[in-house]
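Counting from 28, one number per residue, gives the positions in the sequence shown under my numbering.
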Amino acid sequence: MDILKRFNKQLGNEIYIATGTDSYESHVIPEALRNSCTIEETCLTNKKCIQISLEKLSIDVDLFINPSDNKIKDDYTSFLVRMHTKLIKSNFTCKIEHLVPYNSNTKNYITGSSLIGKCPECNNNGSGYYCEVCGMDNPADTLKSSYDKYHPKDQLALVKTDDYYLILDKKHIIDSAKKKSLGRDTLRLAYKYILKNDYARLTELGSWGIKDATLNNEHVIYSYSSSYFYSLFLGELLKIEFSLEKNPFEHNSKFEIIFSFGFDNTIPLLIYPPMFSKILGEYKDYSHCLVNRFYHLNNSKFSTSRRNVIWARDCVETLGSSVDIIRLYLCHTCPDENTSTNFDENEFKCFSKNISIIFNKIYSFGEYNKNDADIPALDMYNYFFENYIDLSPGCLNLKKVADRVISLLNVINVNDRNQIIFLSAFIYPICPSFAQKLWTKLNLNGQPRYLDIKK
28 MDILKRFNKQ LGNEIYIATG TDSYESHVIP EALRNSCTIE ETCLTNKKCI
78 QISLEKLSID VDLFINPSDN KIKDDYTSFL VRMHTKLIKS NFTCKIEHLV
128 PYNSNTKNYI TGSSLIGKCP ECNNNGSGYY CEVCGMDNPA DTLKSSYDKY
178 HPKDQLALVK TDDYYLILDK KHIIDSAKKK SLGRDTLRLA YKYILKNDYA
228 RLTELGSWGI KDATLNNEHV IYSYSSSYFY SLFLGELLKI EFSLEKNPFE
278 HNSKFEIIFS FGFDNTIPLL IYPPMFSKIL GEYKDYSHCL VNRFYHLNNS
328 KFSTSRRNVI WARDCVETLG SSVDIIRLYL CHTCPDENTS TNFDENEFKC
378 FSKNISIIFN KIYSFGEYNK NDADIPALDM YNYFFENYID LSPGCLNLKK
428 VADRVISLLN VINVNDRNQI IFLSAFIYPI CPSFAQKLWT KLNLNGQPRY
478 LDIKK
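Structure representation (structure tokens):
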């Protein structure tokens, strides 16, 4: 997202990044137990770790919050409950009786954070409500061979409970998804869910979360359904923080909304936002959706739910490379829906060595001369316009952008001032530190940007 932000600011567009921690998701419960601290302390600690990692990787965000923080907790809770209550009062919700796993020994309902089993769709092992392999929604009572992650020998019973569900307008959801320039596999997943389901969950049993005022105290608002309301709240904070005329989500605002999420969150992010926007009528849906997919790390499956977390600050120190080169390699190996990619440490070390040599060669020039460019101005514009396409939300392709950066680094004439000016601007979205160093050495003010290219 920050790559898109830097590129769009070069084009003169007004753009903001707002994000936050998912503090009310049930996976925070076992994390707090492991660390022998409160849930609130866990949320605060993780927020600090993420903040440091964002800074270490030069990821520029305008707003980053923890909704369980005492400073904004009451405001967020009030906002979410108000939106949720409006939704419940609409004609698009209903109560449905369903089954949930229950551990009679611990007297706990087994929620997504502690339920392990096989996905009924693809038969792969997993946990939680959405399969990390195929992306399909898995209601707790449908997982095969399921058990309590923290008490695996205990027998689970299925007990009945009532929860609120959203009545789906299938045509509206599909029409909305088709407008977001999603890949075929992503759209196919949405179609598959729509064919199988008439309803989507709005509340769940849980010991942690924001209570649903219309049900008993054992029920909380389903965190996967509330992410759209979380986005609206971030919009309100942006409006205040940057003195915007209105919340960017309001229908007549000048902003397009780009939302980035993990592949295993595809279904909730394609189902709930268009429905909520239609039902409540106050705010618009996301304009574009960017789907993030899982890397393999040294040929092994890598995912946060398996506690495969690598904090960026550790990554920078362990790999012993510049942040720019790490960012470039991550883009160069960026997975998409057609390709699973592998972050290989040995391959990275070779990559880092080669790019470091090129960086040093470019930066160690003497005085720039105004020689005839080895790269004609027309080709520079071609580089730019190819990036303009691949850094558009509707057809984002970071691998192509990174490969284009690598190509340009290898053919640039270090003695040609116009080429170095262009290079600084061109690599800035992915390699901001090195680009800024070049720009400063050129005695140019501000941040790298596109100037007229002369032959």
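The beta-carbon is built from N, C-alpha and C at its ideal position, and this holds for glycine as well. Given the structure is predicted, the values throughout are model-derived calculations rather than measurements.
Within the same chain, Cβ atoms closer than 7 Å to the Cβ of Y103 are found at P94 and F260, the five residues on either side in sequence being excluded.
Taking a C-beta distance under 7 Å as the contact criterion, D190 and T241 do not qualify as a contact pair. Under DSSP, A227 forms a beta bridge with L193. Residue state for Y415 is assigned as helix, using DSSP reduced to three classes.
Annotation: the continuous beta strand (DSSP E) that includes T46 extends over A45 to G47. Where Y174 is concerned, the enclosing beta strand (DSSP E) starts and stops at K171 to D175. Within the DSSP secondary-structure output, P128 pairs in a beta bridge with L185. CA-to-CA, the gap between N132 and E124 works out to about 24 Å. Linking K388 to V441 through their CA atoms gives a straight-line distance of about 8 Å.
I384 and I285 have their C-alpha atoms spaced approximately 36 Å apart. Distance check between V160 and each of A167, H54, N151 and D168 places N151 closest, using alpha-carbon atoms only. Scanning P300, S460 and N319 for the CA closest to the CA of Y310 turns up P300. Annotated as distal: D202 and L185, with beta-carbon spacing of 7 Å or more. For F286, the enclosing beta strand (DSSP E) stretches over residues I285 to G289. The residue among A204, L60 and F269 with its C-alpha nearest the C-alpha of L317 is A204. DSSP places F91 in the strand class (E or B) of the three-state scheme. Judged by DSSP in its simplified three-state form, E52 adopts coil rather than helix or strand.
Under the three-state reduction of DSSP, N244 is assigned to coil, being neither helix nor strand. Here H278 is exposed, its C-beta having fewer than 16 other C-beta atoms within 10 Å.
In the structure shown, the three-state DSSP call for S154 is strand. The closest CA to that of K113, considering only N424, F303, K266 and D341, is found on F303. Counting of Cβ neighbours within 10 angstroms places Q182 among the exposed residues, the total staying below 16. Across the set E268, E344, D291 and V127, the C-alpha of V127 shows the shortest separation from the C-alpha of L232.
Under the 10 Å beta carbon count, S141 is surrounded by 16 or more other beta carbons and is classified as buried. Closest option to K187, judged by alpha-carbon separation, among E372, Y129 and H359: Y129. Taken atom to atom, the span from the alpha-carbon of V428 to that of C358 is near 8 Å.
Contact between the segment 212-230 and the segment 269-283 is absent: fewer than three C-beta pairs spanning the two stretches fall below 8 Å.
Annotated three-state conformation of F303 is helix, per DSSP. DSSP places K207 outside both helix and strand once states are collapsed to three, so it counts as coil. Here the alpha carbon of E245 sits roughly 10 Å from the alpha carbon of I237.
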